[in-house]
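*Asks:* First the structure, then my questions, so here it is.
2 protein chains.
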Amino acid sequence: MNNFAIAVHGGAGPDSDSIRKHKKELEKGIQRALDKAYDLLEQGGTAVEAVEIAVRELEDDPLFNAGRGGAINSKGEIELCASIMDGDNLQSGAVAIVKNVKNPITLARAVMEKTSHIYLGSYGALSLAQELNLPMEPDAYFITEKQFDAYKEKRDQVGGNAQAIAKEQVGERMHGTVGAVAVDKKGRVAAATSTGGTEYAKEGRIGDSSMIGVGSYANNKTCAVSSTGDGEYLMQQVTCFHVHALMEYGKMNLKRACKHFIRDVCKDIKGDMGIIAVDPKGNVAIEFNSVRMHRGWKTCDGDSFVGIYQEE
Amino acid sequence: MNNFAIAVHGGAGPDSDSIRKHKKELEKGIQRALDKAYDLLEQGGTAVEAVEIAVRELEDDPLFNAGRGGAINSKGEIELCASIMDGDNLQSGAVAIVKNVKNPITLARAVMEKTSHIYLGSYGALSLAQELNLPMEPDAYFITEKQFDAYKEKRDQVGGNAQAIAKEQVGERMHGTVGAVAVDKKGRVAAATSTGGTEYAKEGRIGDSSMIGVGSYANNKTCAVSSTGDGEYLMQQVTCFHVHALMEYGKMNLKRACKHFIRDVCKDIKGDMGIIAVDPKGNVAIEFNSVRMHRGWKTCDGDSFVGIYQEE
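Sequences listed follow chains A and B, in order. If you use this note's numbering, the first sequence corresponds to residues 1 to 312, in order. If you use this note's numbering, the second sequence corresponds to residues 1001 to 1312, in order.
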């Protein structure tokens, strides 16, 4: 039996009053996602099943910016993005600009396993969810008071000037993501990532979280990685595949590749970057440059951690 | 002054009666795109301007599956995708599931240069095009008889069974893309890619061509790359960034990286893969595993080529 392990994140970025206030609930949410995925792995579940169940748990938790509790865009709507990749066969699935689907990560997995497509957006993704009878929810389900207050504050500030807000987003780093990586008892790895986007974003924004290579990447030869932070920088660095490439071509091990990526490759980047990763041997690595990243891991040799701030 | 060069492609894949019949016009289209971009580079234009003008030329040409002449999806509609990346500053822009915008590559460049976003889809991309007064065309402009015949044949075959068609697409490799890479007199590189998608695809399909890292990637440290072929495989290999990684971490030069990628990394892949690439010194590399790839290049030292088949 291979060493199995699960790691999850709930977004990297600056500190806030809301995060300090909800620290315990946020940690409980991370712990629940870890426990559900760990139990599934212990019972012989696959890495793909484990990352899906962990991300579903965080999508259902209104405190995280994914699924319920997603950020509200400049049109007052919530558009969701998600991606999943199976390191065993390099198959992947992703969805973008999706509304009303309770668990975008489950829809992404359905794209991977039940269609010949890989990446569907907007009404095409919605029609697949309907064909497959995936659970749907009305708009009201997704909207939380916290996200509505953030939306209203932005709207009042700019009087609807979406360009000004978009600039501010990059400056204030108003983003959020959830993700999971797992290695199962057979040494297979998988990655999954889901997001509600950025506050007051232009409608139709496609999140980096939904891009294979940027938001998620998994390959049994090296590792599984999920990223979070400033989309612009995650994309220009092709973050998750970058970690794979450091292992495959830079001949680094998992921990060195993750550390080198955040501390050296991205050292001049003025934005938040965070990654969680596992390798097929059961090693876990987490690196980020921001003051906080909601995160945790649980491995079959009894190692476990849940925390929010850098110094924890 | 740095050596400058331009390379373009018009898609890789199997041979067909239509390609044999239109070989001369296809070659003329590639030549026009090369000439326009070359003239611009000679006059001191930037690599970004050169790849945009080359791709625009191919988008306007109804014989190529991008812009006018895009593939018709299973709902009888044409949805376009494009991406562009500036290797000088790693800025990028991309659009997906776009209708009625005459030149999706110009919209992708506008996302890069005029917004704080990177990747917009569907009605969000359309509203940006409207805000910027980019040229729009009615549906009729984009539809060619050749693509309509292909659509009708598929529809008659499957009686509207989109899943059966999607499977067939992967088998028959019905896809098409255009792309360009350039290095300018200042040694800056850029890449651009645009597609009309795959015939009879599910509505809302997001093309790999629009994904930074997969469809396009550019970095002055190494190279600029544009890809074409089977989206599934291009995505799982994160094709364009993969070539960058082979140079950056595998310590290969441009030609070796491209050759190694297609012939070794992808040797067991049962799908079409094609790449065009330039490095900041003005070298050009083109590799593909399919029987044909519409392609050409033109360099400031007088080297020039236009061809379709592998043996040319």
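Ideal placement from N, C-alpha and C gives every residue a C-beta, glycine not left out. A quick note: this is a predicted structure, and the numbers were derived from the prediction, not measured.
Within 10 angstroms of its Cβ, does S1018(B) collect 16 or more other Cβ (buried), or is it exposed?
*Replies:* With fewer than 16 other Cβ atoms within 10 Å, it is exposed.
*Asks:* Three or more C-beta pairs closer than 8 Å, one from the segment 85-101 of chain A and one from the segment 197-210 of chain A: is that the case here?
*Replies:* Result yes; three or more Cβ-Cβ pairs closer than 8 Å.
*Asks:* Would you list, in sequence order, the uninterrupted beta strand (DSSP E) runs of no fewer than 3 residues that lie entirely inside the segment 68-141 of chain A?
*Replies:* Whole beta strand (DSSP E) segments, 3+ residues: 80-86, 91-98, 119-121.
*Asks:* Measuring straight from C-alpha to C-alpha, what distance separates T299(A) and A190(A)?
*Replies:* Roughly 15 Å separates the two Cα atoms.
*Asks:* K267(A): buried (16+ other C-beta within 10 angstroms of its C-beta) or exposed?
*Replies:* Answer is exposed; the Cβ neighbour count stays below 16.
*Asks:* So, using beta-carbon positions, are M1273(B) and G1307(B) closer together than 7 Å?
*Replies:* No, these two residues do not count as a Cβ contact at 7 Å.
*Asks:* Just curious, the beta strand (DSSP E) that I308(A) is in, first and last residue?
*Replies:* Where I308(A) is concerned, the enclosing beta strand (DSSP E) stretches over 304-309.
*Asks:* Can you grab the Cα-Cα spacing for the pair N1065(B) / G1029(B), in whole Å?
*Replies:* Each residue's alpha carbon lies about 12 Å from the other.
*Asks:* Counting C-beta neighbours from all protein chains within 10 Å, is the total for S1074(B) 16 or more, i.e. buried, or is it exposed?
*Replies:* Under this definition S1074(B) is a buried residue.
*Asks:* Can T1115(B) and G1011(B) be called in contact, C-beta distance under 7 Å?
*Replies:* No; because the gap between Cβ atoms is not below 7 Å, this pair is not in contact.
*Asks:* Would you mind telling me which residues of chain A sit closer than 8 Å to A1125(B), beta carbon to beta carbon, in chain order?
*Replies:* Going along chain A in sequence order, the residues near A1125(B) (Cβ under 8 Å) are G204.
*Asks:* Who are the neighbours of I118(A) on chain B, taking C-beta pairs under 7 Å?
*Replies:* The answer, in chain order, is G1231, E1232, M1235.
*Asks:* For the beta strand (DSSP E) containing R292(A), list its first residue and its last residue.
*Replies:* It spans 292-299 - the beta strand (DSSP E) in which R292(A) sits, taken as one unbroken run.
*Asks:* Tell me, please, whether the CB atom of L1090(B) is closer than 7 Å to any CB atom in chain A?
*Replies:* By this cut-off, L1090(B) is an interface position.
*Asks:* Can you pull the chain A residues whose beta carbon is under 7 Å from the beta carbon of Y1249(B), in chain order?
*Replies:* Under the 7 Å cutoff, chain A gives A245, L246, Y249, G250.
*Asks:* Could you compute how far the alpha carbon of G1250(B) sits from the alpha carbon of E1153(B)?
*Replies:* If you take the alpha carbons of G1250(B) and E1153(B), they lie about 46 Å apart.
*Asks:* If you run the structure through DSSP and keep just helix, strand and coil, what is F1051(B)?
*Replies:* Checking the sequence shown, residue 1051(B) turns out to be Val, not Phe. Here V1051(B) sits in helix by DSSP.
*Asks:* Just the Cα atoms here: how many angstroms apart are C1258(B) and Y1233(B)?
*Replies:* So the two alpha carbons sit approximately 16 Å from each other.
*Asks:* Going straight from the alpha carbon of R1155(B) to that of I72(A), what length do you get?
*Replies:* So the two alpha carbons sit approximately 39 Å from each other.
*Asks:* With three or more beta-carbon pairs closer than 8 Å as the criterion, would you say the segment 51-70 of chain A touches the segment 182-199 of chain A?
*Replies:* Because the criterion of three Cβ pairs below 8 Å is met, the segment 51-70 of chain A and the segment 182-199 of chain A touch.
*Asks:* With C-beta atoms as the reference, is A1050(B) less than 7 Å away from V1181(B)?
*Replies:* No; because the gap between Cβ atoms is not below 7 Å, this pair is not in contact.
*Asks:* Excluding sequence positions up to five away, which residues of its chain have a Cβ less than 6 Å from the Cβ of V1048(B)?
*Replies:* Only D1086, A1190 meet the Cβ criterion.
*Asks:* If you follow the alpha helix (DSSP H) that G1029(B) is part of, which residue opens it and which one closes it?
*Replies:* Residues 1023-1042.
*Asks:* Distance check for V1183(B) and V1284(B), CA to CA, integer angstroms please.
*Replies:* Near 9 Å, if we compare the C-alpha coordinates of V1183(B) and V1284(B).
*Asks:* Are the CB atoms of V1238(B) and G213(A) nearer to each other than 7 Å?
*Replies:* Yes. Within cutoff.
*Asks:* From Q310(A) to E287(A), what distance separates their C-alpha atoms?
*Replies:* So the two alpha carbons sit approximately 9 Å from each other.
*Asks:* What first and last residue would you give for the alpha helix (DSSP H) that runs through E287(A)?
*Replies:* That residue, E287(A), is in no alpha helix (DSSP H); its beta strand (DSSP E) goes 284-288.
*Asks:* Can you tell which of F261(A), S227(A), N3(A), P135(A) has the C-alpha that lies nearest to the C-alpha of T46(A)?
*Replies:* When only C-alpha atoms are compared, the closest one is N3(A).
*Asks:* Nearest to D264(A) by CA position, among E248(A), H242(A), P135(A), D279(A), is which residue?
*Replies:* Comparing Cα-Cα distances from D264(A) to each of E248(A), H242(A), P135(A), D279(A), the minimum goes to H242(A).
*Asks:* Measure the C-alpha to C-alpha separation of H1260(B) and N1253(B) and round it to an integer number of angstroms.
*Replies:* Using only the alpha carbons, I get a separation of about 10 Å.
*Asks:* For G1213(B), go through chain A and note every residue whose CB falls closer than 7 Å to its CB, in chain order.
*Replies:* Neighbours of G1213(B) on chain A, chain order: G213, V214, V238, F241.
*Asks:* Ignore the nearest five residues each way along the sequence and tell me which others in E117(A)'s own chain have a CB closer than 7 Å to its CB.
*Replies:* According to the sequence displayed, residue 117(A) carries His and not Glu. The answer, listed in chain order, is V111.
*Asks:* Establish whether the CB of I143(A) and some CB of chain B are separated by less than 7 Å.
*Replies:* Chain B, which has no Cβ nearer than 7 Å to the Cβ of I143(A), makes this no.
*Asks:* Could you name the residues of chain B that I97(A) contacts, counting a contact when the two beta carbons are closer than 7 Å?
*Replies:* By Cβ distance, chain B contributes G1121, S1122.
*Asks:* Write down the C-beta distance between P280(A) and N220(A) rounded to the nearest angstrom, noting that I regard them as a contact closer than 8 Å.
*Replies:* That pair is a contact at about 6 Å.
*Asks:* In this structure, how does DSSP classify M273(A) when only helix, strand and coil are distinguished?
*Replies:* Strand, per DSSP.
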